[in-house]
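Everything below concerns the one structure shown next.
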Amino acid sequence: MGKMDGVKPISGTYKPPVKPKLLDKNGLRLDGRKADELRPLKIEAHVLNRADGSAYLEWGKNKVLVGVYGPREVHPRHLAKSEKGIVQCRYNMAAFSVSDRKRPGPDRRSQEISKVASEAFEHVVFTERFPRTTVDIYIEVLEANAGTRCAGITAASVALVDAGIPMKDMVVSCASGKIENTMVLDLGKEEDNFGQADVPMAIIPSTGDIVLLQMDGELSKDELAQAIEMNIGACKRIYEIQRDALKRRYSVGKEQEEEEAEEERKKEERKDGEGKDRDGGAREPGPDQSAKGDDWGDGEKPAPFDEDVGEFKENKGGESDG
Ligand code: ADP
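Numbering-wise (the numbering used here), the sequence shown opens with residue -6 and increments by one.
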């Protein structure tokens, strides 16, 4: 499944990639991880303003951005289903996401990942609640370093919740595999390239259902069972990170609400103050009223970008394609 880092011919000579030692004498991996250790993972929800839902994820050296739209009209229309909605996921790797420039646009690999990810999400989204519509998920891999399908699916779940799409649960994804005859969790790039097997998987934590299971390489029955067990354990940890991202997203909302309420209260106070001034006749209405703007509190000044925002809103209304 993994693609070798291409070694470019330099002045007519070709050097095949040299397999590094993937495990040291203490059983530690190239990046110092233990066999069952995940790469560092962080997720942030709601990072795009124009998408209905979004998330940004960094997992090891992977960087992934996801935008979700919908439920909305299906394009092309013949894909629409009268009895339920559909989920369309598009996985894309940016041309600059790998060390060699990746040829832009869809290829067989990205079509495969888009298909398996769409099917995974069909299991959790309550599509029967919005017939004839689509939920569109765009997974954009900005930097790739092995495990991008798992990273994309994990981030997309958070973006779906951010978009308010009704779902029975989130989907969580992780891979494990075999390197130098040892089963390890969450393969890095060299492990993916030079390892013996890779098993990406996605589960629904609340039901325990497996909604994606792929395997590249060779494993015995017991090793496959071990890989699945490792993935399930890791998915539970990743699920917590997804939930934390959503909690942060909504607690920020709460802070904003409080700030807005405070601003509203200050406005009311200022209005009351002005009313008293008028009653007391302390101020003469006259041409100087034009200078009233100087007395306005910051909160009452027209926002400098009001016009721009209006324009964006218009544009958003005019968008339709996916
Ligand atoms: P995943 O990213 O889900 O592990 P693969 O196993 O197919 O999927 O790919 C492993 C890694 O190989 C990717 O994360 C990426 O770093 C690299 N890779 C995949 N496709 C290409 C490509 N077209 N050009 C260069 N590197 C690629």
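C-beta atoms are modelled at their ideal positions from N, C-alpha and C, and glycine is treated no differently.
Give a yes or no on contact between the region 228 to 236 and the region 180 to 187, applying the rule of three or more CB pairs nearer than 8 Å.
-> Result no; under three Cβ-Cβ pairs closer than 8 Å.
Would you mind giving the Cβ-Cβ distance between Leu177 and Pro198, rounded to the nearest angstrom? I have them listed as a contact below 8 Å.
-> Position 184 of the sequence shown holds residue 177. Position 205 of the sequence shown holds residue 198. Residue 177 is actually Val in this sequence, not Leu. The C-beta distance from Val177 to Pro198 rounds to 22 Å, too long to fall under 8 Å, and the pair is not in contact.
Can you tell which of Ala238, Thr120, Asn174 has the C-alpha that lies nearest to the C-alpha of Glu211?
-> To locate residue 211, count along the sequence shown from 1; it is residue 218. For the residues Ala238, Thr120, Asn174, the minimum Cα distance to Glu211 belongs to Asn174.
Can you tell me the Cα-Cα spacing of Asp24 and His71, whole angstroms?
-> Position 31 of the sequence shown, counted from the start, is the residue given in the question as residue 24. Position 78 of the sequence shown, counted from the start, is the residue given in the question as residue 71. Cα to Cα, the separation comes out at about 48 Å.
Looking at the C-beta of Lys229, does it have a partner C-beta in chain D at a distance below 8 Å?
-> In summary, chain D is missing from the structure at hand, where a single protein chain is found.
Where Leu21 falls, given that 16 or more other Cβ within 10 Å makes a residue buried = Here residue 21 is taken as the residue at index 28 of the sequence shown, counted from 1. Exposed, because fewer than 16 other Cβ atoms sit within 10 Å of the Cβ of Leu21.
Given Asp237 as reference, the closest of Pro69, Asp155, Asn186 once Cα atoms are compared = Within the sequence shown, the letter at position 244 stands for residue 237. Of the candidates Pro69, Asp155, Asn186, the one whose C-alpha sits nearest the C-alpha of Asp237 is Asp155.
So Thr126 and Gly63 are in contact, right, with Cβ under 8 Å, and what is the actual spacing, rounded?
-> As a first step, residue 126 must be located in the sequence shown, where it is residue number 133. As a first step, residue 63 must be located in the sequence shown, where it is residue number 70. At roughly 6 Å, the Cβ-Cβ gap stays under 8 Å, so Thr126 and Gly63 are in contact.
Segment contact flag, the region 75 to 85 with the region 122 to 141, C-beta cutoff 8 Å, min 3 pairs = Cβ pair count under 8 Å is three or more, so yes.
Under a three-way DSSP split, which group does Pro9 fall into?
-> By 1-based counting over the sequence shown, the position of residue 9 is 16. Here Pro9 sits in coil by DSSP.
Count the other C-beta atoms from every protein chain shown that fall within 10 angstroms of the C-beta of Arg122, then say buried if there are 16 or more, exposed otherwise.
-> Taking the sequence shown and counting its residues from 1, one reaches residue 122 at position 129. Burial state of Arg122 is exposed, judged by a 10 Å Cβ sphere holding fewer than 16 other Cβ atoms.
Ordered along the chain, which non-local residues of its own chain (more than five positions away) have a Cβ less than 7 Å from that of Ala227?
-> Residue numbering aside, residue 227 sits at position 234 when the sequence shown is read from its first letter. Cβ neighbours of Ala227 within its own chain (closer than 7 Å, five residues either side excluded): Leu31, Cys167, Leu178, Asp179.
Beta carbon of Ala113 nearer than 8 Å to that of Ile146 | Here residue 113 refers to the residue found at position 120 of the sequence shown. Here residue 146 refers to the residue found at position 153 of the sequence shown. In this structure, Ile146 lies closer than 8 Å to Ala113 by Cβ.
Could you tell me whether any non-hydrogen atom of the ligand ADP is closer than 7 Å to the CB of Asp191?
-> Numbered from its first residue, the sequence shown carries residue 191 at position 198. The nearest non-hydrogen atom of the ligand ADP is less than 7 Å from the C-beta of Asp191.
Less than 7 Å between the CB of Asn85 and some heavy atom of the ligand FMN, yes or no?
-> Inclusion of the ligand FMN in the displayed structure is not the case, the ligand content consisting of the ligand ADP alone.
Identify which residue in Ala137, Glu136, Asn138, Val117 has its Cα closest to the Cα of Val128.
-> Locating residue 128 in the sequence shown gives position 135, counting from the first residue. Ranking Ala137, Glu136, Asn138, Val117 by CA distance to the CA of Val128 puts Val117 first.
What residues in its chain sit with their C-beta under 7 Å from that of Tyr111, if we drop five residues either side in the sequence?
-> Here residue 111 refers to the residue found at position 118 of the sequence shown. Looking at the sequence provided, one finds Ser at residue 111 rather than Tyr. Here Ser111 has Val80, Gln81, Cys82 as same chain residues with Cβ atoms under 7 Å from its own Cβ, once five neighbours each way along the sequence are excluded.
Are the beta-carbon atoms belonging to Val57 and Ala144 less than 8 Å from one another?
-> What you label residue 57 is simply residue 64 of the sequence shown in a count that begins at 1. What you label residue 144 is simply residue 151 of the sequence shown in a count that begins at 1. Contact flag set, yes.
Between the CA atoms of Ala195 and Ile203 - distance to the nearest angstrom | To locate residue 203, count along the sequence shown from 1; it is residue 210. To locate residue 195, count along the sequence shown from 1; it is residue 202. For Ile203 and Ala195, the distance between alpha carbons rounds to 6 Å.
Where do the ends of the alpha helix (DSSP H) carrying Glu112 lie?
-> Position 119 of the sequence shown, counted from the start, is the residue given in the question as residue 112. 101 to 115 is the span of the alpha helix (DSSP H), which, as asked, contains Glu112.
Helix or strand or just coil, what does DSSP make of Glu133?
-> Within the sequence shown, residue 133 is the residue found at index 140, counting from 1. Strand at Glu133.
Return the residue from the list Arg263, Gln207, Tyr49, Glu222 that minimises the CA-CA distance to Lys108.
-> What you label residue 108 is simply residue 115 of the sequence shown in a count that begins at 1. Lys108 has its Cα closest to that of Gln207, out of Arg263, Gln207, Tyr49, Glu222.
Assumed close pair Asp185, Ala139 - CB separation to whole angstroms, cut-off 8 Å | Taking the first residue of the sequence shown as 1, we reach residue 185 at position 192. Taking the first residue of the sequence shown as 1, we reach residue 139 at position 146. Indeed, because the Cβ distance is near 4 Å, the residues count as touching under 8 Å.
Mind checking which residues open and close the beta strand (DSSP E) that includes Glu51?
-> For the purposes of this step, residue 51 is taken as the residue at position 58 of the sequence shown. For Glu51, the enclosing beta strand (DSSP E) starts and ends at 46 to 52.
Collapsed DSSP secondary structure at Met223 in the structure displayed | As a working mapping, residue 223 is identified with position 230 in the sequence shown. In the three-state scheme derived from DSSP, where H, G and I count as helix and E and B as strand, Met223 is classed as helix.
Please confirm whether Ala152 and Gly60 have their CB atoms less than 8 Å apart.
-> In the sequence shown, counting from the first residue as 1, residue 152 sits at position 159. In the sequence shown, counting from the first residue as 1, residue 60 sits at position 67. Taking 8 Å as the Cβ cut-off, Ala152 and Gly60 qualify as a contacting pair.
Any heavy atom of the ligand ADP within a distance shorter than 7 Å of the CB on Lys95?
-> Stepping through the sequence shown from its first residue, residue 95 is reached at position 102. Yes, Cβ of Lys95 sits closer than 7 Å to a heavy atom of the ligand ADP.
Within the present structure, is the beta-carbon of Lys260 separated from the nearest heavy atom of the ligand ADP by less than 7 Å?
-> Stepping through the sequence shown from its first residue, residue 260 is reached at position 267. Not under cutoff, so the answer is no.
Starting from the Cα of Lys33, find the closest Cα among Asn55, Arg241, Pro13 and give me that residue.
-> Counted from its first residue, the sequence shown places residue 33 at position 40. Rather than Lys, the amino acid found at residue 33 in this sequence is Pro. If we check each option's Cα against that of Pro33, Asn55 comes out closest.
DSSP three-state assignment for Val61, whether helix, strand or coil | In the sequence shown, the residue the question calls residue 61 occupies position 68. Reduced to three states, the DSSP call for Val61 is strand.
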